[in-house]
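Encoded as structure tokens, the structure appears first; notes follow it.
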Amino acid sequence: MDTIISELKTGNIPEHVAIIMDGNGRWAQKQGLDRSAGHVRGVDTVRQITEIASQLGVKYLTLYAFSTENWNRPQQEVDTLMNLIATAIERETPDLIRNNVRLALIGDTSRMPQFAIECLDRCIADTSRSTGLTLCLAISYSSRWELTDTMRRIAVKVKEGTLEPEQITDRTIKENLVTSFMPDPDLLIRTGGDLRVSNFLLWQIAYSEIYVTDTFWPVFSKLDFCNAVAHFQKRERRFGLTGEQVRKS
Ligand code: FPP
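In the working numbering, the protein residues as written are 235 to 483.
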């Protein structure tokens with residue numbers, strides 16, 4: 235693993251990696267287990283992937299842990315997920331601090347149970363001085379929720395007269411998104427094989443490289459993450475320009 239890490243580090247490491255962690259339920263069902271066993275195992279993967287991202291020098295890792303739509307799952311599964319996230323965060327805080335990892339949260343916290351918000355807020359405060367990887371959890375998050383909320387906040391400024399409609403640019407929108415503290419993702423990984431973006435960071439992934447693997451999240455390994463980064467390093471990012479223009483610049 236050390237050799238792979240050193241080799242990857244000689245190339246371009248994505249500054250921001252976002253992940254749609256999918257396949258927990260399918261993995262569990264394949265083992266004849268309850269779906270929640272997949273989520274439990276998925277928490278171990280979160281730990282492994284946070285570690286490798288940090289070792290590679292990734293600056294931001296955004297994980298889609300719970301979508302707005304996930305509130306519609308059976309109540310027992312929702313409770314399991316909220317409990318798992320809160321307990322894991324509480325348990326891992328000392329290690330996050332030791333590894334210089336800062337926790338951040340994006341999503342509609344008004345829908346989250348109080349105990350989970352408290353755990354997350356405590357970890358955010360306790361890790362706020364870390365200067366290494368920012369681990370950003372998207373919980374109760376969806377892009378349409380975020381964009382609606384953003385539009386509403388911009389509309390209030392227009393109504394108050396502090397912003398003219400003509401002054402609104404893509405920068406205004408970026409600055410009002412809940413992700414305004416991060417650069418856009420360079421690499422979007424989806425596990426579990428489905429070819430869709432599931433209402434995740436729709437504005438922000440405009441120019442992200444997309445990597446989909448059939449591997450289910452509970453068994454997605456450090457090596458799998460390195461493979462995704464290796465694929466990213468082979469891609470030519472053109473941002474709408476021609477290949478020739480990019481190679482000249
Ligand atoms: C998708 O699998 C996964 C989720 C809805 C939850 C992912 C959450 C975790 C792994 C826990 C995160 C913990 C921390 C500490 C951030 P699925 O259930 O949709 O799987 P399926 O597509 O096979 O049904």
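The beta-carbon is built from N, C-alpha and C at its ideal position, and this holds for glycine as well.
Everything numeric in this text was worked out from a predicted model, so none of it was measured.
Query, Result
"Following the continuous alpha helix (DSSP H) through VAL392, name the residue where it begins and the one where it ends.", "377 to 394"
"Curious, which full-length alpha helix (DSSP H) runs of at least 4 residues does the region 276 to 336 contain?", "309 to 332"
"Counting along the chain, where does the beta strand (DSSP E) carrying ARG254 start and finish?", "Checking the sequence shown, residue 254 turns out to be Ile, not Arg. First-last of the beta strand (DSSP E) with ILE254: 250 to 254."
"Should ARG279 be counted as a contact of ligand 1 given a C-beta to heavy atom distance under 8 Å?", "At residue 279 the sequence reads Thr, which differs from the Arg that was named. THR279 Cβ: within cutoff of ligand 1."
"What does the alpha-carbon distance come out to for the pair LEU421 and THR244?", "18 Å"
"Among VAL251, THR284 and GLU311, which has the Cα closest to the Cα of GLY259?", "GLU311"
"Taking buried to mean at least 16 other C-beta atoms within 10 Å of its own C-beta, is PRO419 buried or exposed?", "buried"
"TRP451: buried (16+ other C-beta within 10 angstroms of its C-beta) or exposed?", "buried"
"Nearest-angstrom Cα distance between SER362 and GLU478?", "43 Å"
"Helix, strand or coil: how does DSSP classify GLU241 here?", "helix"
"In the DSSP assignment, what are the bridge partners of CYS487?", "Outside the shown range of the chain, which is 235 to 483, sits residue 487, and nothing can be said about it."
"Throw me the rounded Cβ distance for the ILE439 and VAL431 pair, which I believe falls under 8 Å.", "7 Å"
"Pull up the CB-CB distance for LEU367 and VAL335, whole angstroms please, since I reckon it's below 8 Å.", "5 Å"
"When you compare only the Cα positions, how much space is there between GLY395 and TRP379?", "25 Å"
"Less than 6 Å between C-beta atoms, sequence neighbours within five positions excluded: which residues of the same chain meet that for GLU443?", "LEU421, PHE466 and ARG469"
"Taking the CB atoms as reference points, tell me whether LEU369 and LEU354 lie closer together than 9 Å.", "no"
"Could you check whether the region 397 to 417 touches the region 272 to 290, counting it as contact only if at least three pairs of C-beta atoms, one from each stretch, sit closer than 8 Å?", "no"
"Helix, strand or coil: how does DSSP classify ARG424 here?", "strand"
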